[in-house]
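A short worksheet on the structure shown next.
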Amino acid sequence: MSRFSSFSKFAAPRRPQAVAEVLGRTDAFAALRAGVEQIAALERDLVQLLPDYLSANVEPGFIKDGTLTLFAAHSALAARLRHVEPRLLSELQLRGWPVRALAIKVRPRAVAEPPAPKQARMTPVGAAALQALSRSLAPSPLQVALAKMAARHGKPVDEKK
Numbered sequence: 001m002s003r004f005s006s007f008s009k010f011a012a013p014r015r016p017q018a019v020a021e022v023l024g025r026t027d028a029f030a031a032l033r034a035g036v037e038q039i040a041a042l043e044r045d046l047v048q049l050l051p052d053y054l055s056a057n058v059e060p061g062f063i064k065d066g067t068l069t070l071f072a073a074h075s076a077l078a079a080r081l082r083h084v085e086p087r088l089l090s091e092l093q094l095r096g097w098p099v100r101a102l103a104i105k106v107r108p109r110a111v112a113e114p115p116a117p118k119q120a121r122m123t124p125v126g127a128a129a130l131q132a133l134s135r136s137l138a139p140s141p142l143q144v145a146l147a148k149m150a151a152r153h154g155k156p157v158d159e160k161k
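At position 148 of the sequence shown (counting the first as 1) the number is 148 in full-length UniProt numbering, and the numbers step up by one without a gap.
Shown next, in the form of structure tokens:
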């Protein structure tokens, strides 16, 4: 016997719904929907007005009392954003945004895990070739590096004598 009621097998499958559609169903969410749409429009304008490295790391907040809050991922980006602040403010005003000032704040993002170190592998024949090359060289930093690399990538194949 299934733990689900018998009518569940006849229910229509649920489909993903857009946030705007869900927020548009009731009047209670109207203000929230307007805020979400405003932030989305601000993000589109910021992508067009800022260089790529800034627009990818800056998030708009709400406009409150004529002040738009911008959140930078770290302090160096916030400093750079302060350099372009006058131009950005005038461009936003030209696009019709009711902004008189910008407030730039730092909102650190979660640190992404560093990529895994490369795990390159060499074939035994390649390792043997490096080993043979290192033996043929005079003692030098290159000879030592090649010998270490050959040893790290496996046992050399016995050379035919």
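Just so it is clear, CB atoms sit at the ideal spot from N, CA and C, and this is done for glycine as well.
1) In angstroms with no decimal places, state the Cα-to-Cα distance between Ala94 and Arg87.
2) Would you say Leu81 and Ile104 are within 7 Å of each other, going by their C-beta atoms?
3) Is it the case that the stretch 56-73 contacts the stretch 26-45, given that we only count it when at least three CB pairs across the two stretches are under 8 Å?
4) Where does Ala103 sit, in a helix, a strand or coil, going by DSSP?
5) Counting C-beta neighbours from all protein chains within 10 Å, is the total for Ala150 16 or more, i.e. buried, or is it exposed?
6) Could you tell me the distance, in whole angstroms, from the CA atom of Leu142 to the CA atom of Gln48?
7) Just list the residues that DSSP pairs Leu133 with in beta bridges.
8) Should Gln17 be labelled buried (16 or more other beta-carbon atoms within 10 Å of its own) or exposed?
9) Give every residue of the same chain whose Cβ lies closer than 7 Å to the Cβ of Ser55, excluding the five residues on either side of it in the sequence, and list them in chain order.
10) Taking just the CA atoms, how far does Gly126 sit from Ala132?
11) Looking at the structure shown, is Leu50 part of a helix, part of a strand, or coil, going by DSSP?
12) From what residue to what residue does the alpha helix (DSSP H) around Val84 run?
13) Where DSSP assigns a beta bridge to Pro117, which residues make up the other side?
14) Following the continuous alpha helix (DSSP H) through Pro141, name the residue where it begins and the one where it ends.
The structure says:
1) Reading the sequence shown from its first residue, position 94 is the one you call residue 94. Reading the sequence shown from its first residue, position 87 is the one you call residue 87. The identity of residue 94 in the sequence shown is Leu, whereas the question assumes Ala. Whole-angstrom Cα-Cα distance: 11 Å.
2) Walking along the sequence shown from the start, residue 81 turns up at place 81. Walking along the sequence shown from the start, residue 104 turns up at place 104. Yes. Within cutoff.
3) Contact holds: three or more Cβ-Cβ distances are below 8 Å.
4) Reading the sequence shown from its first residue, position 103 is the one you call residue 103. Three-state DSSP puts Ala103 in a strand.
5) Here residue 150 refers to the residue found at position 150 when the sequence shown is read from its first residue. Per the 10 Å Cβ criterion, buried.
6) Position 142 of the sequence shown holds residue 142. Position 48 of the sequence shown holds residue 48. Rounded to the nearest angstrom, the two C-alpha atoms are 50 Å apart.
7) Residue 133 sits at position 133 when you count from the first residue of the sequence shown. DSSP lists no partner for Leu133.
8) Your numbering for residue 17 matches position 17 in the sequence shown. That one is exposed.
9) Taking the first residue of the sequence shown as position 1, residue 55 is located at position 55. Result list for Ser55: Leu46 and Val47, in chain order.
10) Translated into the one-based positions of the sequence shown, residue 132 becomes position 132. Translated into the one-based positions of the sequence shown, residue 126 becomes position 126. Answer to the nearest angstrom: the Cα atoms are 10 Å apart.
11) The residue labelled residue 50 in the question sits at position 50 within the sequence shown. Coil at Leu50, not helix or strand.
12) In the sequence shown, counting from the first residue as 1, residue 84 sits at position 84. First-last for Val84: undefined, no H or E at that position.
13) If you number the sequence shown from 1, residue 117 lands on position 117. Pro117 is not bridged to any residue.
14) Residue mapping note: residue 141 aligns to position 141 of the sequence shown, counting from 1. Counting along the chain, the alpha helix (DSSP H) containing Pro141 begins and ends at Pro141 to Arg152.
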